[in-house]
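Engineer: Sharing a structure below in structure tokens format, with a few things to ask.
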């Protein structure tokens, strides 16, 4: 991992995470332009059923209120920003895996769910990829403790079916976070098998 | 239908006779006899404005008819009766000035209209053809000239499981083949069409949506109101003429130059924020503290009805009569999705009916994926045709029940029984003989809604109206959430501490998950009232109570008087359908309609030249009422939406309202704190990397 870091940070200096900023700007711009929970962009089961399939992707960039937006965006910029220092491709792969698995989960795994929005499912996918990258660079007690804390928080949220500390206009959907984690795990498994095959 | 001023006498006689027949076209539109004796008029403009506030909707429709021919003609405009909609205003522009209508008994109104028409004076009439259509006749539309009219109707606003639904009905039900053959409808708006809906909700609204209308512009206004606009045609004249009264719409409008056809319903949905509390809302009208007041009490229960987990039997009774053509695809789609929602431990049967009955299944079938697939395909492959023996279909469905299992009957019909037994009381007797809930999907706008609602209520079930423009999945999800949860049955409401009377509905029946209860009534005096709602959930008594004040006076919502009056008239009509038409009940219904100036089965609204009102001694009672209502509407438009919740101090419910599930993936400050160690580690390793490089 240290070798990787040498490669991507241009002699150790941080580079501008333009992809992260582009995506973050898009989400903020969407909120400013189309407003909270933009009806034309949000995950809307009925509209998707009628052919508006793009909502499976755009729903992740829509936010239900300002609080929802600010924490999701800050988390995204921090996580994706660190990840982009190592591999821009990894962000794109994480986004793709997150879109597929979270979208699939929302559609088939939450059949009563009519509407969804927010970037945090994707954030969880990228977070696991970041953990993995840092772990590859060397095991560290901080990684272990942080990982445990994240998992504990997710379990509590899943059991209580609500986010621990958030208070957004739309109720939180902890299972989307789990789907985000599953997306990253699936991606890493597939990647590992492919590299072994090579 | 139109008559030429210079038509031959025999034509006038024939046409006068034809006027006794209410017109029905394939959609809302101007009607012309199909035999081509008279040329068609044109709909030049059609402007609709809707304001939804304080629990009810006021719909204003302004139209201009154009006569491109060289003879004076009569215009007849027909449109489906909106659900529980009551016409309160019919205005005709005469000599460039608006003249509003007055309500008279039906025969008298028709006679006066005919006399005015024969005399060549401007006149108009709005009549109600039972549950099917409102028919507006205007005479004359002068050769080469325009005629402008305005119609206003109001109805209680429906919110179910957190989703509000407003329907502007345009699609005709197609249930009367004889009339369809007689008339041809002109449905195209030649120059401009606009539909504007302003939603003023004191409860936060997450989104508003107008399905199947990609050109609709939806926006949330700075004051929190929501506005949806759909405009078609040349809009420059809209600016000149101005929007209909009572609105303050944003002047930015989407442009669409295509002509608009009045053949598809417009449906608007709005979604309330999740996790709102169960609540009690009170709207009153009592302009004089010493006099009687009118109130509308809306109870939105909390979500304390538990899911039903044991397997159940479902008998689908499906209407495949000829009138279902045009709606059958929606039916088949809905049935497929409904079957898909059943669990493997559920069983189902499918019974079809038109003039006779036929069972598609052979007895009960377990709801396995294979069975669902097979029978969905079979239902979709059926071609509707022939008459409607609803009684026979329902009887066969009820016979199929298994007494050892909990059963529900899902009836899907456009609800016009025309073969076999057709009397409402016979249907209710049949339902009451069996222990099964009836869940009725009422298709289209011309269904015999009063009868279907009465028999559904008698079974303790519920009825849902479905338009071809509806989101069938959304409607289905609402229904599924009801039938898969317990219900509060035998509901009774008690108000103590304030004198109340004339409560409608007198019998509430059942409340299913997501349903609101709306009660109209009169009250006297003022002060604190104890309100109790009682019922049974799975045989166990349940009681909810709250305490709030009825105000001494209030003048913001004069429309409540008409809404109360119409709800009472509907109740009287249901009684007459159940127990036969009694002179005293009919008289009571007519008197209320006359007092509150409502267009009903027994009364019509007629517009005459001002001097003719005086000459005929017709009081301008509706004009006075309209003045009060319009002043109140202007007053309300100038302030923000007001909360009508009255149980804040002592909530009736501890649970939040049920809602369709929505969710957001959300991070928080604590999630970010968990990232701090990662950031620290990342920075540390980056420094090491930099050092190694240098």
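Residue numbers (the working numbering), protein chains in the order written: chain A, 35 to 232; chain B, -16 to 677.
The beta carbon of each residue, even a glycine, is placed where N, CA and C say it ideally should be.
Predicted, not measured: the structure shown is a model, and the values here were computed from it.
Using a Cβ-Cβ cutoff of 9 Å, what residues of the region 112 to 126 of chain A are near chain B? List them in chain order.
Structural biologist: 112, 113, 116, 119
Engineer: Using the rule of at least 16 other Cβ atoms within 10 Å of the residue's Cβ for burial, across every protein chain shown, is residue 178/A buried or exposed?
Structural biologist: Mapped onto the first chain, residue 178/A falls at position 144. Per the 10 Å Cβ criterion, exposed.
Engineer: Report back the beta-carbon spacing between residue 544/B and residue 526/B to the nearest angstrom; my notes put them in contact at under 8 Å.
Structural biologist: Against the second chain, residue 544/B aligns to sequence position 561. Against the second chain, residue 526/B aligns to sequence position 543. Contact doesn't hold; Cβ gap of about 31 Å is too wide.
Engineer: Is residue 74/B closer than 9 Å to residue 132/B when the C-beta atoms are compared?
Structural biologist: Taking the second chain and counting its residues from 1, the one referred to as residue 132/B is at position 149. Taking the second chain and counting its residues from 1, the one referred to as residue 74/B is at position 91. For residue 132/B and residue 74/B, yes; Cβs fall inside 9 Å.
Engineer: For residue 32/B and residue 626/B, which I take to be in contact (beta-carbon distance under 8 Å), what is that distance rounded to the nearest angstrom?
Structural biologist: Looking up residue 32/B in the second chain gives position 49. Looking up residue 626/B in the second chain gives position 643. With 8 Å as the limit, residue 32/B and residue 626/B do not qualify as a contact, their Cβ atoms being about 24 Å apart.
Engineer: Is the beta carbon of residue 578/B less than 9 Å from the beta carbon of residue 548/B?
Structural biologist: Here residue 578/B refers to the residue found at position 595 of the second chain. Here residue 548/B refers to the residue found at position 565 of the second chain. Result yes, Cβ atoms of residue 578/B and residue 548/B sit closer than 9 Å.
Engineer: Tell me, please, whether the CB atom of residue 657/B is closer than 9 Å to any CB atom in chain A?
Structural biologist: The residue you call residue 657/B lines up with position 674 of the second chain. Yes, its Cβ sits closer than 9 Å to a Cβ of chain A.
Engineer: Taking the straight line between their C-alpha atoms, what separation do you get for residue 209/A and residue 108/A?
Structural biologist: Start at 1 with the first residue of the first chain, and residue 209/A comes out as number 175. Start at 1 with the first residue of the first chain, and residue 108/A comes out as number 74. Near 21 Å, if we compare the C-alpha coordinates of residue 108/A and residue 209/A.
Engineer: Which class does residue 252/B belong to by DSSP, given the choice of helix, strand or coil?
Structural biologist: Within the second chain, residue 252/B is the residue found at index 269, counting from 1. Reduced to three states, the DSSP call for residue 252/B is strand.
Engineer: Using only CA atoms, which one of 381/B, 594/B, 98/B lies nearest to residue 83/B?
Structural biologist: Within the second chain, numbered from 1, the residue matching residue 83/B stands at position 100. Looking only at 381/B, 594/B, 98/B, the smallest Cα-Cα distance to residue 83/B is reached by 594/B.
Engineer: One question on the structure: do residue 541/B and residue 608/B come within less than 9 Å of each other, judged by their Cβ atoms?
Structural biologist: The sequence position of residue 541/B within the second chain is 558, counting from 1. The sequence position of residue 608/B within the second chain is 625, counting from 1. A contact, by the Cβ cut-off of 9 Å.
Engineer: Using a Cβ cut-off of 9 Å (strictly closer), state whether residue 662/B contacts chain A.
Structural biologist: In the second chain, the residue the question calls residue 662/B occupies position 679. Judged by the 9 Å Cβ criterion, residue 662/B is in contact with chain A.
Engineer: So, at 7 Å on beta carbons, what are the nonlocal neighbours of residue 327/B in its own chain, with the 5 sequence-adjacent residues on each side left out?
Structural biologist: In the second chain, residue 327/B corresponds to position 344, counting from 1. Result list for residue 327/B: 349, 350, 351, in chain order.
Engineer: Pull up the DSSP beta-bridge partners for residue 116/B, would you.
Structural biologist: Mapped onto the second chain, residue 116/B falls at position 133. DSSP, once it has assigned bridges, lists 63/B, 112/B as partnering residue 116/B.
Engineer: So that I know if they touch, is there some Cβ in chain A lying closer than 9 Å to that of residue 652/B?
Structural biologist: As a working mapping, residue 652/B is identified with position 669 in the second chain. True, the Cβ-Cβ gap to chain A drops below 9 Å.
Engineer: So with Cβ pairs under 9 Å, would you call residue 308/B a contact of chain A?
Structural biologist: On the second chain, position 325 is the one that residue 308/B refers to. No, no contact with chain A.
Engineer: Of all the CB atoms in chain B, is at least one closer than 9 Å to the CB of residue 85/A?
Structural biologist: Locating residue 85/A in the first chain gives position 51, where the first residue counts as 1. Chain B, which has no Cβ nearer than 9 Å to the Cβ of residue 85/A, makes this no.
Engineer: In angstroms with no decimal places, state the Cα-to-Cα distance between residue 144/A and residue 207/A.
Structural biologist: Numbered from 1 along the first chain, position 110 holds the residue referred to as residue 144/A. Numbered from 1 along the first chain, position 173 holds the residue referred to as residue 207/A. Roughly 10 Å between the two C-alpha positions.
Engineer: With respect to the beta strand (DSSP E) encompassing residue 146/B, which residues constitute its N-terminal and C-terminal limits?
Structural biologist: Taking the first residue of the second chain as position 1, residue 146/B is located at position 163. From DSSP, the beta strand (DSSP E) with residue 146/B extends over 146 to 151.
Engineer: Taking 7 Å as the limit between beta carbons, can you name the residues of its chain near residue 415/B, skipping five residues before and five after?
Structural biologist: Translated into the one-based positions of the second chain, residue 415/B becomes position 432. Counting only Cβ-Cβ distances below 7 Å, and skipping sequence neighbours, we find 441.
Engineer: Measure from the alpha carbon of residue 153/A to the alpha carbon of each residue in 69/A, 86/A, 91/A, then state which is nearest.
Structural biologist: One-based indexing of the first chain puts residue 153/A at position 119. Looking at the Cα atoms, 91/A is the closest of the given residues.
Engineer: Among the candidates 398/B, 182/B, 290/B, 452/B, whose CA atom is the shortest distance from the CA of residue 249/B?
Structural biologist: In the second chain, counting from the first residue as 1, residue 249/B sits at position 266. Nearest of 398/B, 182/B, 290/B, 452/B to residue 249/B, Cα basis: 452/B.
Engineer: Would you call the region 416 to 427 of chain B in contact with the region 389 to 408 of chain B, where contact means no fewer than 3 C-beta pairs closer than 8 Å?
Structural biologist: yes
Engineer: Residue 516/B lies in the alpha helix (DSSP H); which residues open and close that run?
Structural biologist: One-based indexing of the second chain puts residue 516/B at position 533. From DSSP, residue 516/B is part of no alpha helix (DSSP H) but of the beta strand (DSSP E) over 510 to 520.
Engineer: Beta-carbon of residue 49/A versus every beta-carbon of chain B: anything under 9 Å?
Structural biologist: Position 15 of the first chain, counted from the start, is the residue given in the question as residue 49/A. It does not; no Cβ of chain B falls within 9 Å.
Engineer: On the three-pair Cβ rule with 8 Å, is the region 467 to 481 of chain B touching the region 287 to 297 of chain B?
Structural biologist: yes
Engineer: Please report the distance separating the alpha-carbon of residue 385/B from that of residue 395/B.
Structural biologist: To locate residue 385/B, count along the second chain from 1; it is residue 402. To locate residue 395/B, count along the second chain from 1; it is residue 412. If you take the alpha carbons of residue 385/B and residue 395/B, they lie about 21 Å apart.
Engineer: Anything in chain B within Cβ reach of residue 108/A, meaning under 7 Å, just list it in chain order.
Structural biologist: Locating residue 108/A in the first chain gives position 74, where the first residue counts as 1. Here the neighbours are 655.
Engineer: Going by CA-CA distance only, name the one from 126/B, 536/B, 78/B, 658/B that's closest to residue 508/B.
Structural biologist: Indexing the second chain from 1 puts residue 508/B at position 525. Proximity to residue 508/B across 126/B, 536/B, 78/B, 658/B peaks at 536/B, based on C-alpha coordinates.
Engineer: Give me the DSSP bridge partner(s) of residue 215/A.
Structural biologist: Within the first chain, residue 215/A is the residue found at index 181, counting from 1. Paired residue(s): none; residue 215/A is not in a bridge.
Engineer: Once the 5 residues before and after residue 519/B are set aside, which same chain residues still bring their CB inside 6 Å of it?
Structural biologist: One-based indexing of the second chain puts residue 519/B at position 536. So the qualifying residues of the chain are 472, 473.
Engineer: Tell me which residue opens and which closes the alpha helix (DSSP H) that residue 316/B is part of.
Structural biologist: Along the second chain, one-based indexing puts residue 316/B at 333. Counting along the chain, the alpha helix (DSSP H) containing residue 316/B begins and ends at 311 to 324.
Engineer: What does residue 196/B touch in chain A if you count any residue whose Cβ is under 7 Å from its own?
Structural biologist: In the second chain, residue 196/B corresponds to position 213, counting from 1. Simply none; closest approach about 12 Å.
Engineer: Would a check of beta-carbon distances place residue 148/A closer than 9 Å to chain B?
Structural biologist: Taking the first chain and counting its residues from 1, one reaches residue 148/A at position 114. Using a Cβ-Cβ cut-off of 9 Å, residue 148/A counts as an interface residue toward chain B, since at least one Cβ of chain B sits closer than that to its own.
Engineer: Which residues mark the beginning and the end of the alpha helix (DSSP H) in which residue 52/A is found?
Structural biologist: Counting from 1 along the first chain, the entry for residue 52/A is found at position 18. Where residue 52/A is concerned, the enclosing alpha helix (DSSP H) stretches over 52 to 68.
Engineer: Using a Cβ-Cβ cutoff of less than 6 Å, which residues in the same chain neighbour residue 135/B once the five nearest sequence positions on both sides are dropped?
Structural biologist: On the second chain, position 152 is the one that residue 135/B refers to. Shown here for residue 135/B: same chain residues with a beta carbon closer than 6 Å to its own, the five before and five after excluded, namely 43, 71, 72 in chain order.
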